[in-house]
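Below is one structure, written out as C-alpha cells; the observations come after it.
Number of protein chains: 2
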Amino acid sequence: MMKKKKVFMDAEEIERSLTRITYEILERNKGTDNLIIIGIRKGGVFMAERLCEKISAIEGTQIMSGTLDITLYRDDVLTTSRNPEFEKTYIPFPLDNKRVVLVDDVLFTGRTIRAAMDALMDFGRPERIQLAVLVDRGHRELPIRADFIGETLPSSLWENVVVNMTEDRNKDEVVIEEG
Amino acid sequence: MMKKKKVFMDAEEIERSLTRITYEILERNKGTDNLIIIGIRKGGVFMAERLCEKISAIEGTQIMSGTLDITLYRDDVLTTSRNPEFEKTYIPFPLDNKRVVLVDDVLFTGRTIRAAMDALMDFGRPERIQLAVLVDRGHRELPIRADFIGETLPSSLWENVVVNMTEDRNKDEVVIEEG
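Listed in order, the protein sequences are those of chains A and B.
The first sequence begins at 1 in the numbering used here and counts up by one.
The second sequence begins at 180 in the numbering used here and counts up by one.
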C-alpha cells in the first residue's frame, strides 16, 4: 500500500532555514568563541556539518564539531535494542565551559534530546547547551524546547516526518507521510 | 550592607497563579488519571503540596504526590557538596506510564530540571513529564522550558529571586534581591 506523501520543506526552504539558523547561532553566541556544533546520529549529523560549513564560511575560522550517538542513553534502550553501538560518538575534546549547539533533524517527544544532554555530560560540563532542529513537530513528552528552529510543523501523531538530506538521500526535503 | 529588595509577587498573586496553574494542569491532562505531582526539594515541595490540595478540592479525589531531592544528580555535585543526602526523595510508586508534573519554585538555568528528569527516570518511564514553576527568570543554559508558569521575570543575572512560602517563611511572596 502506497503511503500518501507531502513535501513540507523543499531544498531551497531547507537551505534558507539553515542559513537563517546559522546567523541566529552567531548572534546569540556573539561569535564562535568556545562554540561547538554536535550532531545527533543519525538525523542531525549532516545538518550539523552544514551549519559548521556555513559558520566557517561567514566567520573565516574552522569551528569545532562532533557527533553523538545516544543509543545507550535512551530510556527505551532495553525494549528496542539489545546491541547498542557506541563507536559512533565522536567528541574529541572536553566540553567543559564550551557552548554546545546540539543539532537534530526533528524534535518530537524530547526523549532523544534528554538522552543527548545526559550523554554530553559525560564529556564535561558545558557552559551552555543550545538545541537546533530543522523541524519541530510538537507532541512533547518532556519539558524540552529548541533554541533554533527551522520550521514548526504541528503534525498529527499518526503522521511520520522524514528529513532527507542530499548527503545520503540524493535530495534535500522534509516529507510528511501519512501512516 | 542591606540588600535592596522588591516584592515581585505578593500572597494574592501567588494564590491566583497557583489556582490558574491548577486548572491548566487539569485541562492539559484531561483530568487526574495517572497524574502525579512531584515537588523538587526544597523550593518546589510546598508549591507541589498546594497544587495537590487544589486539584483534590476541585476533582474530589486524592492525587498522588512525591518529593524529589536531586542533590546527587546535579552535574556540579562534586564541586558544591561532598555529602549528598538522599533520604529526602519520596516517590512511593513506579512512574511507568504516569503523567508527572514536576514542580519547582524558580526556573533559571535549567540544570536542576535536567537533573530532576534524570532522577525521575530511575523510578520508571513516565508517559510524560511536565514542568510547573512559579517564576521563570530566564537565562537558560539548557534547552528546557516549563509547561506551566506563574510569572515570567526576565531578571538580571546579578539579581537573586527568592520565593518565600508561608509553610516555612510565614509569608507568601516572591522577592527580588539586588546583590
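Where a beta carbon is used, it is the ideal one built from N, C-alpha and C, also for glycine.
What does DSSP give as the partner residues of A/A132 in its beta bridges?
Beta-bridge annotation (DSSP): A/A132 is paired with A/V103, A/F148.
Can you tell me whether DSSP reads B/G210 as helix, strand or coil?
coil
What distance in whole Å lies between the Cβ atoms of A/I63 and A/A132, which are believed to be in contact at a cut-off of 8 Å?
The pair is not a contact, with the Cβ atoms about 13 Å apart (cut-off 8 Å).
How would you write the range of the alpha helix (DSSP H) that A/E167 sits in, first residue to last?
166-169
If we define contact as Cβ-Cβ less than 8 Å, is A/R145 a contact residue for chain B?
yes
To the nearest angstrom, how far is it from the Cα of A/T79 to the Cα of B/Q309?
With a pLDDT of 48 at A/T79, under the threshold of 50, the modelled position of this residue cannot be trusted, and the question is left open.
For a contact meaning CB atoms closer than 8 Å, what does B/R229 contact in chain A?
None at all; the shortest Cβ gap to chain A is about 20 Å.
What does the alpha-carbon distance come out to for the pair A/K98 and B/F327?
30 Å
Is DSSP giving A/G43 helix, strand or coil here?
helix
Measuring CB to CB, does A/A57 end up less than 8 Å from A/E173?
no
Among A/G43, A/I21, A/S155, which has the Cα closest to the Cα of A/E167?
Of the candidates A/G43, A/I21, A/S155, the one whose C-alpha sits nearest the C-alpha of A/E167 is A/G43.
For A/Q62, return the contacting residues in chain B, with the cut-off set at a CB-CB distance below 7 Å.
Those within 7 Å of A/Q62 in chain B number zero; the least Cβ separation is about 25 Å.
Against chain A, with Cβ distances strictly below 8 Å, would B/E220 count as a contact?
Correcting the residue identity first, residue 220 of chain B is Arg in this sequence and not Glu. Output row for B/R220: interface = no.
Please return the same chain residues whose Cβ sits closer than 8 Å to the Cβ of B/R261, not counting the five positions on each side in sequence.
Below a pLDDT of 50, predicted positions are generally treated as unreliable, and B/R261, at 44, falls in that range; no measurement from the model is reported.
Would you say the segment 96-110 of chain A touches the segment 137-153 of chain A, given that touching needs at least three Cβ pairs under 8 Å?
yes
Could you tell me whether the Cβ atoms of A/K54 and A/T32 are closer together than 8 Å?
No.
Have a look at A/E177 and A/K5 and give me their C-alpha separation to the nearest angstrom.
5 Å
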